[in-house]
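Enquirer: Pasting a structure here, questions to come.
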Amino acid sequence: MSPGKVLVTGGAGFIGSHVCEAYLSDGWDVTALDNLSTGRATNVPSGVTLIEMDVRAPELNDVFRDGGFDVVNHHAAQIDVRKSVEQPRYDASINIDGLLNLVECSLAFEVRRFVLVSSGGVIYGETMDLPIPRSAKKHPLSPYGISKLTSEYYLHAFRKLKGLEYAALRYANVYGPRQDPNGEAGVVAIFAQRIRDGEELIVFGDGEQTRDYVFVRDVALANVLVTHVDLPEPTGIDDVAFNVGTGVESSVNVLANTLIEISGQEVSVKREEARPGELLRNALDCKETNALGWVPTHTMESGLTETYEFIAGTTS
Ligand SMILES: NC(=O)c1ccc[n+]([C@@H]2O[C@H](COP(=O)([O-])OP(=O)(O)OC[C@H]3O[C@@H](n4cnc5c(N)ncnc54)[C@H](O)[C@@H]3O)[C@@H](O)[C@H]2O)c1
């Protein structure tokens with residue numbers, strides 16, 4: 000598809016703002032839609048039109064009628080796993096109702112492709128068979144994981160029923176500049192801010208739990224790529240789902256030590272009791288995404304250095 004008009008929901012957020020930048024660089028006319036609940040207007044790159052609106056709003060219809068979007072890229076979400084456990088209906092109202100509002104508008108105004116952001120961190124659940132292929136069994140263990148997986152099923156159904164083309168991106172642990180260090184998730188941003196402020200790092204459990212850390216600008220490029228590629232007629236949700244990670248497991252201990260080393264600061268590490276329900280290991284097998292021509296170009300060292308420098312240059 001040649002560059003046209005794209006609507007990026009959650010475009011004022013951490014990942015969405017980088018996705019806006021990547022579309023701009025690829026020649027797209029970019030509109031960001033965000034209710035600024037966790038995002039910030041200052042994150043939105045210049046050249047992008049920001050519409051302050053909730054994805055559940057009835058007025059979304061007017062935005063689509065006026066916008067003439069070729070592509071919808073859906074990043075807006077309730078992203079807090081613990082909040083989803085405490086308030087599952089709130090999670091579903093944003094992550095399911097909001098999605099369906101967007102789907103209805105996309106169908107009504109003939110959007111050509113829908114890029115859905117899912118999560119390879121929560122939909123597969125615990126497995127020792129790593130890295131996890133996209134075809135692995137899905138065992139979401141939180142309402143947030145259920146809402147992400149359900150979103151994939153909805154889009155698959157609307158592909159079959161109404162022909163809406165879509166791709167789903169299943170992210171690993173995304174990190175980089177503009178991640179909110181005050182949120183629940185985002186261990187890299189939390190650690191980097193604490194190191195900057197000379198505060199001890201808190202590691203839950205033995206710190207040997209692993210994650211697949213992928214740099215945000217690499218993730219943004221995967222979004223542009225799946226906007227352009229030919230997609231198969233899916234026979235199930237996995238056929239058009241793409242894992243977005245490095246395939247490498249890194250422990251929280253390694254992450255903490257690498258960040259401390261990069262910063263040159265002396266910071267101690269305090270251990271606290273393991274959090275119940277926390278996944279032990281995660282890394283994603285991205286071979287289908289790699290086959291599209293996407294490979295992450297940032298090493299953990301280069302990505303963490305850029306992230307630390309960004310956070311060190313800000314104040315809380
Ligand atoms: N950060 C990660 O490691 C990670 C991993 C897997 C998936 N994801 C997904 O990536 C997407 C972006 O996450 P992020 O880490 O950038 O978080 P973020 O909180 O920075 O971004 C979410 C954005 O959506 C906006 N938003 C929230 N509810 C909204 C609503 N009802 N209407 C309109 N806008 C709304 C927020 O204001 C924010 O700008 C989410 O869909 C998240 O589930 C993130």
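Residues in the sequence shown are numbered consecutively from 0, following numbering that gives the first Met the number 0.
Every residue, glycine too, gets a C-beta built ideally from N, C-alpha and C.
Note that the coordinates shown come from a computational prediction; the quantities given were computed from them, not determined experimentally.
Bridge partners for L73 per DSSP, in chain order?
Expert: Here residue 73 refers to the residue found at position 74 when the sequence shown is read from its first residue. Inspection of the sequence shows that residue 73 is occupied by His rather than by Leu. Answer is T8 and L115, bridged to H73.
Enquirer: Let's see if you can read the secondary structure: which residues bound the alpha helix (DSSP H) around T306?
Expert: On the sequence shown, residue 306 is found 307 positions in, with the first residue counted as 1. Start and end: M299 to A311.
Enquirer: Roughly how many whole angstroms lie between the Cα atoms of V202 and I194?
Expert: The residue given as residue 202 occupies position 203 in the sequence shown. The residue given as residue 194 occupies position 195 in the sequence shown. Taking the straight line from one Cα to the other gives about 13 Å.
Enquirer: Check whether the Cβ of Y22 lies closer than 7 Å to any heavy atom of ligand 1, and answer yes or no.
Expert: Reading the sequence shown from its first residue, position 23 is the one you call residue 22. Answer for Y22: no, Cβ out of range of ligand 1.
Enquirer: To the nearest angstrom, report how far apart E265 and I259 are at their CA atoms.
Expert: As a working note, residue 265 is residue 266 in the sequence shown. As a working note, residue 259 is residue 260 in the sequence shown. Straight-line Cα distance between these residues: approximately 7 Å.
Enquirer: N256 to A221, Cα distance in whole Å?
Expert: Here residue 256 refers to the residue found at position 257 of the sequence shown. Here residue 221 refers to the residue found at position 222 of the sequence shown. Going by the C-alpha atoms only, they are around 29 Å apart.
Enquirer: Tell me which same chain residues have a C-beta within less than 6 Å of the C-beta of N252, skipping the five on either side of it?
Expert: Indexing the sequence shown from 1 puts residue 252 at position 253. Excluding positions up to five away in sequence, the list reads G206.
Enquirer: Looking at C-beta atoms only, is the number of pairs between the segment 162-171 and the segment 179-193 that lie closer than 8 Å three or more?
Expert: Contact between the segment 162-171 and the segment 179-193 is absent, because fewer than three Cβ pairs lie under 8 Å.
Enquirer: Take G46 as the anchor and find which of S250, S83, G197 and V29 has the nearest alpha-carbon.
Expert: Translated into the one-based positions of the sequence shown, residue 46 becomes position 47. With distances taken between Cα atoms, G46 lies closest to V29.
Enquirer: Name the DSSP bridge partner or partners of A31?
Expert: The residue given as residue 31 occupies position 32 in the sequence shown. Paired residue(s): V7 and L49.
Enquirer: Once you ignore the five residues that flank D284 on each side, which residues in its own chain have a CB closer than 7 Å to its CB?
Expert: Taking the first residue of the sequence shown as position 1, residue 284 is located at position 285. Hits under 7 Å: P130, I131, P132, N242 and G246.
Enquirer: Determine the closest residue to S146 out of R111, S92 and Y174, with distance taken between C-alpha atoms.
Expert: Numbered from 1 along the sequence shown, position 147 holds the residue referred to as residue 146. Looking at the Cα atoms, S92 is the closest of the given residues.
Enquirer: Please confirm whether V43 and A21 have their CB atoms less than 8 Å apart.
Expert: Mapped onto the sequence shown, residue 43 falls at position 44. Mapped onto the sequence shown, residue 21 falls at position 22. Their beta carbons are not under 8 Å apart, which means V43 does not touch A21 by this criterion.
Enquirer: Kindly examine ligand 1 and report whether one of its heavy atoms sits closer than 7 Å to the Cβ of Q208.
Expert: On the sequence shown, residue 208 is found 209 positions in, with the first residue counted as 1. False, no ligand heavy atom lies under 7 Å from that Cβ.
Enquirer: If distances are taken between C-alpha atoms only, which option among G235, R112 and T48 comes closest to L224?
Expert: The count along the sequence shown starts at 1 and reaches residue 224 at position 225. Minimum Cα distance to L224 is reached at R112.
Enquirer: Among S36, V110 and N281, whose alpha-carbon lies nearest the alpha-carbon of T327?
Expert: Because residue 327 is not part of the residues shown, which for the chain are 0 to 315, the question remains open.
Enquirer: In angstroms, rounded to a whole number, what distance separates the CA positions of N100 and L154?
Expert: Position 101 of the sequence shown holds residue 100. Position 155 of the sequence shown holds residue 154. Between N100 and L154, the C-alpha separation is close to 12 Å.
Enquirer: Reducing DSSP to helix, strand and coil, say where F241 ends up.
Expert: Along the sequence shown, one-based indexing puts residue 241 at 242. The answer is strand: DSSP assigns F241 an E or B state.
Enquirer: Determine the DSSP secondary structure at F214, reduced to helix, strand or coil.
Expert: What you label residue 214 is simply residue 215 of the sequence shown in a count that begins at 1. Three-state DSSP puts F214 in a strand.
Enquirer: Please look up how many angstroms separate the CB atoms of I261 and Y307, rounded, as I've assumed it's under 8 Å.
Expert: Stepping through the sequence shown from its first residue, residue 261 is reached at position 262. Stepping through the sequence shown from its first residue, residue 307 is reached at position 308. 5 Å between Cβ atoms; contact.
Enquirer: Would you decide whether Y123 is buried or exposed? Buried here means 16 or more other CB atoms lie within 10 Å of its CB.
Expert: Start at 1 with the first residue of the sequence shown, and residue 123 comes out as number 124. The residue is buried, with at least 16 neighbouring Cβ atoms inside 10 Å.
Enquirer: Using the rule of at least 16 other Cβ atoms within 10 Å of the residue's Cβ for burial, across every protein chain shown, is R64 buried or exposed?
Expert: Here residue 64 corresponds to residue number 65 of the sequence shown, with the count starting at 1. So R64 counts as exposed.
Enquirer: So Y153 is in the alpha helix (DSSP H); what residue range does that whole segment cover?
Expert: Locating residue 153 in the sequence shown gives position 154, where the first residue counts as 1. That run of the alpha helix (DSSP H) goes P142 to K161.
Enquirer: In terms of residue numbering, what span does the alpha helix (DSSP H) encompassing K286 cover?
Expert: Within the sequence shown, residue 286 is the residue found at index 287, counting from 1. Segment K286 to A290, the alpha helix (DSSP H) holding K286.
Enquirer: For R81, verify whether its CB is less than 7 Å away from any heavy atom of ligand 1.
Expert: Residue mapping note: residue 81 aligns to position 82 of the sequence shown, counting from 1. The answer is no for R81.
Enquirer: Contact defined as beta carbons within less than 8 Å: I believe N72 pairs with V114. What is the distance between those atoms, to the nearest angstrom?
Expert: The residue labelled residue 72 in the question sits at position 73 within the sequence shown. The residue labelled residue 114 in the question sits at position 115 within the sequence shown. About 4 Å separates the two Cβ atoms, so the contact holds.
Enquirer: Looking at C-alpha atoms only, which residue of D25, I14 and D69 is the closest neighbour of G175?
Expert: To locate residue 175, count along the sequence shown from 1; it is residue 176. The shortest C-alpha separation from G175 is found at I14.
Enquirer: Let's see if you can read the secondary structure: which residues bound the alpha helix (DSSP H) around K82?
Expert: For the purposes of this step, residue 82 is identified with residue 83 of the sequence shown, where counting begins at 1. Its alpha helix (DSSP H) spans residues V80 to E85.
Enquirer: Take P142 as the anchor and find which of A290, D90, N289 and P231 has the nearest alpha-carbon.
Expert: Taking the sequence shown and counting its residues from 1, one reaches residue 142 at position 143. It is D90 whose Cα lies nearest to the Cα of P142.
Enquirer: Secondary structure at S267, three-state DSSP: helix, strand or coil?
Expert: Start at 1 with the first residue of the sequence shown, and residue 267 comes out as number 268. Coil, per DSSP.
Enquirer: Quick one: is E199 buried, meaning 16 or more other Cβ sit within 10 Å of its Cβ, or exposed?
Expert: Here residue 199 is taken as the residue at index 200 of the sequence shown, counted from 1. Classification of E199: exposed, given that the 10 Å Cβ count is below 16.
Enquirer: Are L6 and L35 touching if we call contact CB-CB under 8 Å?
Expert: Within the sequence shown, the letter at position 7 stands for residue 6. Within the sequence shown, the letter at position 36 stands for residue 35. It is not a contact, given that the beta carbons lie outside the stated cut-off.
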